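*Asks:* Handing you this structure, nothing more for now.
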Amino acid sequence: MKTATTPDKADPRGWLPGFVLLGVIWGSSFLFIKVGVAELHPLYVTLGRVLAGVLTLLVVIAVTRDRLPRDLRLWGHLTVTGVVGTAMPFTLFGYGEERVSSSLAGIWNATTALLVLPLAVYLFRTERMTVNRAVGLLIGFIGVLVVLGVWEGLGGAQFTGQLMCIAAAACYAVAIPYTKRFISDSGASGLALAAGQLITATIALAIVAPLAVGAPTPLGDLSGKAIASILALGAIGTGLAFVLNMRNIQIVGATTASMVTYLIPVFAVVLGVLALDEHITWHQPVGAVIVLAGVAVAQGLIATRKRPRLAAMAPEAELATDRA
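In full-length UniProt numbering, the protein residues as written are 1 to 324.
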């Protein structure tokens, strides 16, 4: 995706509704995952989701007269991000939500912005370490320990579920700098790249799911809410959300658009509590606030010393096609 230069002062009435709507959509994805995995294996929830998402984006591509990439080398890179940045994290969140609440999964998703930084700096070398980023990582790590509630002891199914959610966020953290280094300058539109990534994810899951877990639950045995949840995850949470995210970036730029990261766990927790009657312990939202504070410091939104403000991870954050 290429980030267009935007006006310094965009009218909030033009972008704020879409910005908030994106936070609601991505925050509600964890609720839909929870409903879906209650009746369908996580692998098939993910397969249904990416299939619905790619069909949605292909319709948008046809309407906008865009076109899919034609470079075979680029398709190879899209296969990597399709598997590591889409199929694996979507499925891991599904496995995780068989063991933890959708609210907690939404909180763990917020750690992506911290996990991506050391990989971008030391592995892919698309960013450089600064004082703000180092301090932000330390604060974020403390927040992770608070969310885990390490003083209560670790173990059991819930701890396993949390590890799966962390692993999902780590997959995003690998895919985002990989995308920036090998894909973002390909010349293809962000819409085409996202569709290509979902196509490769769909093909991979269509092969792996039957081999790994057998045939899916017959459609007739699924409830209407489970089917609706999977369709919403794909068409809205993956297709429409990506279009909204691109629009936000075009209007206000990557830095402001990436701040939707702060809204996602809020909506995930609120919707989980209201719609699913989930309960969270005090240290989970407190830890989430500490994690987000670490993200803010790492992104230069909160300076640790007087210096020119840096848009630390915005170029990385804006490459993610989905955050849930």
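For each residue, glycine too, the CB sits at the ideal point set by N, CA and C. For clarity, every value in this text was computed on a predicted model and none was experimentally measured.
Can you confirm whether the stretch 78-87 touches the stretch 243-263 when touching is taken to mean that 3 or more C-beta pairs between the two stretches lie within less than 8 Å?
*Replies:* Segments in contact, no.
*Asks:* Is there contact between the stretch 33-46 and the stretch 171-183, where contact requires at least three CB pairs shorter than 8 Å?
*Replies:* No contact exists between the stretch 33-46 and the stretch 171-183.
*Asks:* Under three-state DSSP, which class holds D277?
*Replies:* Note: D277 maps to coil in three-state DSSP.
*Asks:* Whole angstroms are fine: how far does the CA of A275 sit from the CA of L198?
*Replies:* Straight-line Cα distance between these residues: approximately 29 Å.
*Asks:* Specify the secondary structure class of Q299 as computed by DSSP and reduced to three states.
*Replies:* In the structure shown, Q299 sits in coil (DSSP, three-state: anything other than H, G, I, E or B).
*Asks:* Just how far apart, CA to CA, sit S186 and G196?
*Replies:* Answer to the nearest angstrom: the Cα atoms are 13 Å apart.
*Asks:* Taking 8 Å as the cut-off, does the stretch 279-294 touch the stretch 240-249 (at least 3 CB pairs, one atom from each stretch)?
*Replies:* The stretch 240-249 is not in contact with the stretch 279-294.
*Asks:* Considering only their Cβ atoms, is the gap separating G136 from A257 smaller than 8 Å?
*Replies:* Not a contact, by the Cβ cut-off of 8 Å.
*Asks:* So, do the stretch 264-272 and the stretch 100-108 have three or more beta carbon pairs nearer to each other than 8 Å?
*Replies:* Yes, since at least three Cβ pairs between the stretch 264-272 and the stretch 100-108 fall closer than 8 Å, the two stretches touch.
*Asks:* Scan the stretch 239-293 and note each continuous alpha helix (DSSP H) run of 4 residues or more that stays entirely inside, going in chain order.
*Replies:* Those alpha helix (DSSP H) runs which fall completely within the stretch 239-293 and span 4+ residues are 241-257 and 264-276.
*Asks:* Given a cut-off of 8 Å, decide if V54 and T202 are closer than it, judged by their beta-carbon atoms.
*Replies:* In contact: T202 and V54 (Cβ atoms closer than 8 Å).
*Asks:* Going by beta carbon distance, what residues of the same chain come within less than 7 Å of P7, once the five residues before and after it are set aside?
*Replies:* Since pLDDT at P7 reaches only 46, below the 50 mark, its modelled position is unreliable, and the value read off the structure follows with that caveat. Nothing listed; no residue qualifies.
*Asks:* Which residue wins for smallest C-alpha separation from V291, given the options Y172, A110, L219 and G224?
*Replies:* The candidate whose alpha carbon is nearest that of V291 is A110.
*Asks:* DSSP on R13, reduced to helix/strand/coil?
*Replies:* Residue state, collapsed to three classes: helix.
*Asks:* Could you name each continuous alpha helix (DSSP H) segment of 4 residues or more that falls completely within the stretch 203-244, going from the start of the chain to the end?
*Replies:* Those alpha helix (DSSP H) runs which fall completely within the stretch 203-244 and span 4+ residues are 224-231.
*Asks:* Given a cut-off of 8 Å on the beta-carbon distance, is the pair G161 and G96 in contact?
*Replies:* Taking 8 Å as the Cβ cut-off, G161 and G96 qualify as a contacting pair.
*Asks:* Looking at the unbroken alpha helix (DSSP H) that takes in R73, where does it start and where does it end?
*Replies:* From DSSP, the alpha helix (DSSP H) with R73 extends over L72 to G82.
*Asks:* How many angstroms separate the CA atom of R181 from the CA atom of V150?
*Replies:* Cα to Cα, the separation comes out at about 36 Å.
*Asks:* Just mark L72 as buried or exposed, buried being the case when its beta carbon has 16 or more other beta carbons within 10 Å.
*Replies:* L72 should be labelled exposed.
*Asks:* Pairing CB atoms from the stretch 228-238 with CB atoms from the stretch 41-49, are three or more of them under 8 Å?
*Replies:* Yes, the stretch 228-238 is in contact with the stretch 41-49.
*Asks:* Under three-state DSSP, which class holds F182?
*Replies:* Helix at F182.
*Asks:* Which two residues bound the contiguous alpha helix (DSSP H) that contains G106?
*Replies:* Run containing G106: S102 to N109, per the alpha helix (DSSP H) assignment.
*Asks:* Express the C-alpha separation of L57 and A194 in angstroms, rounding to a whole number.
*Replies:* Spanning the two alpha carbons is a distance of roughly 8 Å.
*Asks:* Under the three-state reduction of DSSP, which class applies to M129: helix, strand or coil?
*Replies:* In this structure, M129 counts as coil in the three-state DSSP scheme.
*Asks:* By DSSP, does E39 sit in helix, in strand, or in coil?
*Replies:* In this structure, E39 counts as coil in the three-state DSSP scheme.
*Asks:* T5: buried (16+ other C-beta within 10 angstroms of its C-beta) or exposed?
*Replies:* Confidence is the limiting factor: at T5 the pLDDT is only 43, short of 50, which leaves the residue's position unreliable, though a coordinate-based value still follows. Per the 10 Å Cβ criterion, exposed.
*Asks:* Three-state secondary structure (DSSP) at P177?
*Replies:* If DSSP states are grouped into helix, strand and coil, P177 belongs with the helices.
*Asks:* Output needed for L74: all residues of its chain with C-beta closer than 8 Å, excluding positions within five of it in sequence on either side, in chain order.
*Replies:* Correct list, in chain order: I183, S186, A188 and G196.
*Asks:* How should M129 be labelled, buried or exposed, when 16 other C-beta atoms within 10 angstroms of its C-beta is the threshold for buried?
*Replies:* Its Cβ having fewer than 16 others within 10 Å, M129 is exposed.
*Asks:* Count the other CB atoms, across all protein chains shown, that sit within 10 Å of the CB of S28; report buried if there are 16 or more and exposed otherwise.
*Replies:* Result: buried.
*Asks:* Quick one: does L16 have its CB under 8 Å from some CB of chain D?
*Replies:* In the structure shown, chain D cannot be found, because there is only a single protein chain.
*Asks:* Apply the 10 Å Cβ neighbour rule to R99 and answer buried if 16 or more other Cβ atoms are within range, or exposed otherwise.
*Replies:* That one is buried.
*Asks:* Look at the Cβ atom of I61, then the Cβ atom of W108, and state whether they are nearer than 8 Å.
*Replies:* Cβ distance not < 8 Å, so I61 and W108 don't count as in contact.
*Asks:* The alpha helix (DSSP H) with F124 in it runs from where to where?
*Replies:* Careful: F124 lies outside any alpha helix (DSSP H) and carries neither H nor E.
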